[in-house]
Every structure is written in C-alpha cells, then in structure tokens.
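Same order as they appear, the protein sequences are chains E and F. Each residue of the first sequence is one higher than the one before, counting from 30 in this note's numbering. Each residue of the second sequence is one higher than the one before, counting from 77 in this note's numbering. Backbone N, C-alpha and C define an ideal beta-carbon position, used for all residues, glycine too. Below is one structure, written out as structure tokens; comments come after it.
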Amino acid sequence: MGAVTPCGNSVQETWQGVCAGLSGIGNITKFDTTDFKTKIAGELKRFDPLQFATKSEVRRLDDFIIYAVAASVMALEDAGLSIDAGNGERSGVIIGTAIGGISTIEKEKETIMREGPRKISPFSAPSCLPNLAAGYVSIRHGLKGPINCAVTACAAGTDSIGGAFRLIADGYADVMIAGGAEAAITPLTVGGFNVMRALSTHNDEPEKASRPFDRDRNGLVLGEGSGLVVLEALPVALNRGAKIYAEVVGYGSTSDAFHMAAPPPGHEGAARCMAVALKDAGMRPEDIEYINAHGTSTQLNDLYETQAVKRVFGEHSRSLAVGSTKSMTGHLLGAAGGIEAIFAVKSIDDGIIPPTINLDHPDPECDLDYVPHTARIVPVHTAMSCTFGFGGANAVLIFKQFED
Amino acid sequence: MTLEEKVIAIIVEQLDVTKEECLPEASFIDDLGADSLDLVELIMEMEETFGLTIADSELEKIRTIKDVIDFLRSKGVS
Numbered sequence: 030m031g032a033v034t035p036c037g038n039s040v041q042e043t044w045q046g047v048c049a050g051l052s053g054i055g056n057i058t059k060f061d062t063t064d065f066k067t068k069i070a071g072e073l074k075r076f077d078p079l080q081f082a083t084k085s086e087v088r089r090l091d092d093f094i095i096y097a098v099a100a101s102v103m104a105l106e107d108a109g110l111s112i113d114a115g116n117g118e119r120s121g122v123i124i125g126t127a128i129g130g131i132s133t134i135e136k137e138k139e140t141i142m143r144e145g146p147r148k149i150s151p152f153s154a155p156s157c158l159p160n161l162a163a164g165y166v167s168i169r170h171g172l173k174g175p176i177n178c179a180v181t182a183c184a185a186g187t188d189s190i191g192g193a194f195r196l197i198a199d200g201y202a203d204v205m206i207a208g209g210a211e212a213a214i215t216p217l218t219v220g221g222f223n224v225m226r227a228l229s230t231h232n233d234e235p236e237k238a239s240r241p242f243d244r245d246r247n248g249l250v251l252g253e254g255s256g257l258v259v260l261e262a263l264p265v266a267l268n269r270g271a272k273i274y275a276e277v278v279g280y281g282s283t284s285d286a287f288h289m290a291a292p293p294p295g296h297e298g299a300a301r302c303m304a305v306a307l308k309d310a311g312m313r314p315e316d317i318e319y320i321n322a323h324g325t326s327t328q329l330n331d332l333y334e335t336q337a338v339k340r341v342f343g344e345h346s347r348s349l350a351v352g353s354t355k356s357m358t359g360h361l362l363g364a365a366g367g368i369e370a371i372f373a374v375k376s377i378d379d380g381i382i383p384p385t386i387n388l389d390h391p392d393p394e395c396d397l398d399y400v401p402h403t404a405r406i407v408p409v410h411t412a413m414s415c416t417f418g419f420g421g422a423n424a425v426l427i428f429k430q431f432e433d
Numbered sequence: 077m078t079l080e081e082k083v084i085a086i087i088v089e090q091l092d093v094t095k096e097e098c099l100p101e102a103s104f105i106d107d108l109g110a111d112s113l114d115l116v117e118l119i120m121e122m123e124e125t126f127g128l129t130i131a132d133s134e135l136e137k138i139r140t141i142k143d144v145i146d147f148l149r150s151k152g153v154s
C-alpha cells in the first residue's frame, strides 16, 4: 500500500497520525483565499515530489498525477513486487479521481487569456485528463494489463479498487494497482463548493472544522493526496511469499437516482449498497466489526448515513464501530476511497480502529458508536469502507483478515 | 553568459540531461532522448527567453543543438 495525505507522506506516517487523532487540516497556502469564504483545507505538508519524479515531470504533470506516482512507488516497494516482462501484461492499474487535472485547466485558461493560446504547455492537455494518473503510473512501472479510471466523484477511489478486485477475480489480471488521487484545492473547486454551501467555514480553528456526526458540524473540509493498494490474485501472492495485509471479499455499487449532490433521507441507495457488498462477500450484517464511514461532516450525509447503517445492521449497529477518518484527513474526494481502504486494511492488520475526532457534542440523532476522540485497540477481523459521491454514486468495499 | 551557454542551460533544465551531453552535433531526438512534445516545450522556452517567435516551418529544420544556435544567431540573438 502507498499513500500521500494531509496526515503524512507515507502510509506509516499517515496511519500513525490518524491513530494519534492528529488533524491534517490547516490554512490553504496554494492560493490567495482573501475573497473566499472557506480558507482551510488538508494540504500535503513537506511533500517532496523530487523524491519520486524528475524536475521535468513535476513541471509538466498535474499534481494529482505526481501524487499517484509517489503512492505507486511506495506501494510497489511495500509489496516487494517488481513488474517486468514476466508479469507486466498481467498487471494493470485503475486510479480514480473526481476531477483530475483541475489546477492545470485553471492555470492554462489563465495563460490563454493573458498571453494567447500559443503559450499553453504541450503537456497540459494530457495532464488535465483524469485517466493520466493511471496512465502515468502504468508508464512508470511498465504495467501493461487492464487500465481504467473510475470517475464517480467521492466514490471513485472505492470504485477503482472494486473494479480491480473484479478483474482479478474474473481472471483478467493477476496484479492491479488501485485507488484514487486528487489535487483539487484550487480556486474553482473551493469557490464552487462554497457557493453550494458544502464547505465548512470554521476558519478560526482549522483542526476542529471537520467534525463528522457532531451537532455543530457545518460542512466538509477538502483534502488532497493519493492512496493506492496492490491487489494480487491469491495463488500469485502465495507463490511469491507476498505479505498479505487482508483480503478483499466484497464490493457494492448502487445509485440513489435522487439528486445531483444530496442524498435522500435515510440514504436508501447507500443502505442498498452496503447490502449488495455484504451479499457479494457472502456475509451477514453481524459479521462486520468496523465501518470506515463516508462521514463528511455535512448535515445531511452524517445523519442519513447513520440511518442507512441502522437500517442495514439493525440491532447489530449498536455493536459496530463506525468511525470517520475524514475528521482528520478531510475529504480527499476521488482519493478518499483509496486512503480509506488503506485505513480499513490497517485496522485489520494492526488491530487498531482510528478515532472520529472533534466529536464534542454528538448530534442527538447520530447515536452510533463513532469511536470518539481516541483510537481503540481491539482485534478487527472484518472492516467495511463506505463512500458516497455526487450524482448519487455509492460504493462499498469489505475487507477480511486473511486466513491461510 | 554566451549564447551557447544560455542555450545549453535551457536544454539541461528542460530535458534533464547533463552539460557534458550537450555537444553541438547532439541530436535532440536521437542523442538527448527528447520526444516531439519535449521539443515543442523546449522551443517555447527559447521563444520566451530570447523574445522571438519560431514558426512551425522553421521548427522542422531544427535537429541538433548547433541548429538552434545557428537559428538564433540568424534572428539577431547574441
């Protein structure tokens, strides 16, 4: 697994940070926020792209591509896997994103207006494209198998891993790098979300702004980064003595068919999605121990997601740990599903459930066990990751402890 | 800095090559590993630095570092 997030520039650093309940949210430094209602976000900190890419690559490629490359290098290193002529054609990549090269689009539009179209960089067109994270990772590592890019907004990372899971299960690939990448902390994104009133404006205390399930939550906090996992067919993994963190056992995808940006009361589509994933995994609701929730810190999502969990899990919802790591990382949009799959897997591997921080006064209607304030040290055998995107796109993955 | 030194500095920066590799006869594509997009970006940087415009037809004639320097000289850059 590999990741660069607002909480750390590796899986290890990020995991340590979220288990310690540390927030990665701060003031936006990427652009002048004077005219913007929201001035906070989860930016990467002290990330050195030159550790993973050449100066030319950093200059030419949008940040979301660079983040994916960095995460992919760390993921393959962690997996102890090299891709070569022997396995290249059976190794593929699916990296999702909500908006891809948005900062390149904004920058080059300014270039046209200021200097004319001749001054646009020749690398800008490819750099804008959402599939270029997958594309460039494939170039860097020689991945010649299936390639794709889920673009289901906040569900894209989860759908990418789900798609990769299916390709391996159906025999089309032995290895898939999958997850999400996003670098959308830009004027257009922040401004666009602001006029929708989707973002928290808690600028005075950035670290307290993302407060999922809390009575005083007032919107989501954007984050950036990339989270990628290396999925491998079991016989291939066993054959090379791979370190197996967990097993992917179920994946669900459903649509709300309701509204462009808001979930319906009760979030019926999300409930169905969890049920579809459970059925795919051959599991009952009682088999799940931990849910890494979508938990965006918006009025509607957190309430309706709670209702959906209760509908699916019934009595068992009282015994579930339902945490939102977005309280610390912020919402990484297309990359959220990628990093949150990593958190679900780590919870199984380490037996630690990261907390939901800033849960000072739970919303009375949000009454599940959200693992408030402090991480919980307890064995985890099964974990579910839920992400729900604009357009009513729901995606759920289920992970299980691997037993030989 | 002489014109040669300025040109080589740009090439080193843009193509991730070393000064030592930048011999006058070095071909951008065959010796310095540049592809067509690299070349376009390189020429744009030259345009920016030396304040001139290079037409696509003129670009076709530029194969080596010497070609670039000769071309710039012919446009009055020194």
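Let's see if you can read the secondary structure: which residues bound the beta strand (DSSP E) around residue 257 of chain E? From DSSP, the beta strand (DSSP E) with residue 257 of chain E extends over 254-261.
Specify whether the stretch 39-54 of chain E and the stretch 197-214 of chain E touch according to this definition: at least 3 beta carbon pairs, one from each stretch, less than 8 angstroms apart. These segments do not touch.
For the beta strand (DSSP E) holding residue 125 of chain E, just list the boundary residues, first then last. Where residue 125 of chain E is concerned, the enclosing beta strand (DSSP E) stretches over 120-125.
Consider the Cβ of residue 116 of chain F: report whether some Cβ of chain E lies at a distance smaller than 9 angstroms. Judged by the 9 angstroms Cβ criterion, residue 116 of chain F is in contact with chain E.
Buried or exposed: residue 234 of chain E, going by 16 or more other Cβ atoms within 10 Å of its Cβ? Within 10 angstroms of the beta-carbon of residue 234 of chain E lie fewer than 16 other beta-carbons, which makes it exposed.
How many angstroms separate the CA atom of residue 64 of chain E from the CA atom of residue 217 of chain E? Taking the straight line joining both Cα atoms gives about 12 angstroms.
Can you find a CB in chain F that lies within less than 9 angstroms of the CB of residue 152 of chain E? Chain F, which has a Cβ nearer than 9 angstroms to the Cβ of residue 152 of chain E, makes this yes.
Counted within 10 angstroms of its Cβ, other Cβ atoms place residue 413 of chain E as buried (16 or more) or exposed: Result: buried.
Any C-beta of chain F within less than 8 angstroms: which residues of the stretch 80-109 of chain E qualify? Those would be 83, 84, 85, 89, in chain order.
Listed by chain order, chain E residues near residue 92 of chain F by CB distance under 7 angstroms: Per Cβ cutoff of 7 angstroms: 83, 84, 85.
Using a C-beta to C-beta distance shorter than 8 angstroms, which residues of chain E count as neighbours of residue 113 of chain F? Residues of chain E with a Cβ closer than 8 angstroms to the Cβ of residue 113 of chain F are, in chain order, 151, 152.
Is the shortest distance between the beta-carbon of residue 147 of chain E and the beta-carbons of chain F less than 9 angstroms? At a cut-off of 9 angstroms between beta-carbon atoms, residue 147 of chain E makes contact with chain F.
Residues bridged to residue 360 of chain E (per DSSP): Residue 360 of chain E is bridged to E/251.
Going by beta carbon distance, what residues of the same chain come within less than 6 angstroms of residue 246 of chain E, once the five residues before and after it are set aside? Beyond the five residues adjoining it in sequence on each side, residue 246 of chain E comes within less than 6 angstroms, by CB distance, of 240, 326 in the same chain, given in chain order.
For the alpha helix (DSSP H) that contains residue 189 of chain E, what are its first and last residues? Its alpha helix (DSSP H) spans residues 185-198.
Entirely within the stretch 286-370 of chain E and at least 4 residues each: give me those alpha helix (DSSP H) ranges in chain order. Segments of the alpha helix (DSSP H) lying fully in the stretch 286-370 of chain E: 297-310, 328-342, 355-358.
For the beta strand (DSSP E) that residue 165 of chain E lies in, which residues bound it at each end? It is not in any beta strand (DSSP E) - residue 165 of chain E instead sits in the alpha helix (DSSP H) that spans 161-170.
Using a Cβ-Cβ cut-off of 8 angstroms (strictly less than) and excluding sequence neighbours within five positions of residue 94 of chain F, which residues of its own chain qualify? Scanning its chain for C-beta atoms nearer than 8 angstroms, with the 5 sequence neighbours on each side dropped, one finds around residue 94 of chain F the residues 88, in chain order.
How should residue 272 of chain E be labelled, buried or exposed, when 16 other C-beta atoms within 10 angstroms of its C-beta is the threshold for buried? With fewer than 16 Cβ atoms within 10 Å of its Cβ, residue 272 of chain E is classed as exposed.
DSSP-derived helix/strand/coil call for residue 125 of chain F: Per DSSP, reduced to three states, the secondary structure at residue 125 of chain F is helical.
Quick check: what's the CA-CA separation for residue 417 of chain E versus residue 178 of chain E? The straight-line gap from Cα to Cα measures roughly 17 angstroms.
What do you get for residue 394 of chain E, buried or exposed, if any count of 16 or more other CB atoms within 10 angstroms of its CB means buried? With a 10 Å radius around the Cβ and a threshold of 16 neighbouring Cβ atoms, residue 394 of chain E comes out exposed.
Less than 9 angstroms separating the beta-carbons of residue 86 of chain E and residue 95 of chain E? Yes, Cβ-Cβ distance for residue 86 of chain E and residue 95 of chain E is below 9 angstroms.
What is the DSSP secondary structure of residue 278 of chain E, reduced to helix, strand or coil? Here residue 278 of chain E sits in strand by DSSP.
Any chain E beta carbon closer than 9 angstroms to residue 120 of chain F: Yes, because at least one Cβ of chain E sits closer than 9 angstroms to the Cβ of residue 120 of chain F.
Please check the pair residue 314 of chain E and residue 341 of chain E, which I expect to be a contact at CB under 8 angstroms, by giving their CB distance rounded to whole angstroms. In this structure residue 314 of chain E touches residue 341 of chain E by the C-beta definition: roughly 6 angstroms separates them, less than 8 angstroms.
For residue 104 of chain E, tell me which candidate among E/53, E/260, E/57, E/141 has the shortest Cα-Cα distance. Here the closest residue by C-alpha is E/260.
Local Cβ density within 10 Å of residue 135 of chain F, reported as buried at 16 or more and exposed below that: Exposed, by the Cβ-count rule.
For residue 125 of chain F and chain E, any beta-carbon pair shorter than 9 angstroms? No, its Cβ sits nowhere closer than 9 angstroms to a Cβ of chain E.
List the endpoints of the continuous beta strand (DSSP E) containing residue 428 of chain E. Per DSSP, residue 428 of chain E belongs to the beta strand (DSSP E) from 422-429.
Residue range of the beta strand (DSSP E) that residue 85 of chain E falls in? Per DSSP, residue 85 of chain E belongs to no beta strand (DSSP E); it is in the alpha helix (DSSP H), 84-89.
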